[in-house]
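Before any comments, here is the structure.
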Amino acid sequence: MASLNFAHFLTIAFSLYFIAAAGAITDSGPVVKAGYYPSWALDNFPPSTIDTSLFTHIIYAFLVPNNVTFKFDISNSNASILSNFTTTLHRKTPHVKARLAPSVEVVLSQTHL
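This note's numbering applies: residue 442 is where the sequence shown begins, and numbers increase by one.
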């Protein structure tokens, strides 16, 4: 189990590093250095452990929309998690933008194309 948690940590760390490095290559306009923070990482990699100085945007992934209305039904417990996520990031680095991302897989599976 410990190796699985470490594998999750490495996946997050490398993803955030490569996204940040790729954003630093561009010369046109303001640089956006974004990283995704997967919701399943909360227990082993809390938002307080993110080095926010490396990013301009950190995206919480993933919120799942309602399969009928396609609106986000956010429970009180999820609202608390999301509030803690944004508060923690802004406390560490006020200019970091916290964003939310929908689960694309769920949206596509519920859409009749």
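Beta carbons: idealized from backbone N, C-alpha and C, even for Gly.
Based on Cα-Cα distance, which residue from A475, L483, H531, P543 lies nearest to D514?
P543
Measure the CB-CB distance between A539 and L530 and report whether it falls below 8 Å.
yes
Would you grab the beta carbon distance between P479 and A502 for me? Rounded to a whole angstrom, and I think it's under 8 Å.
5 Å
Looking at the secondary structure, which residues open and close the alpha helix (DSSP H) in which L523 lies?
517 to 533
Whole angstroms are fine: how far does the CA of R532 sit from the CA of D484?
20 Å
CA-CA distance, A482 and S524?
16 Å
Option in V473, K474, T490 with minimal Cα separation from F526
T490
Any idea what DSSP makes of P488, helix, strand or coil?
helix
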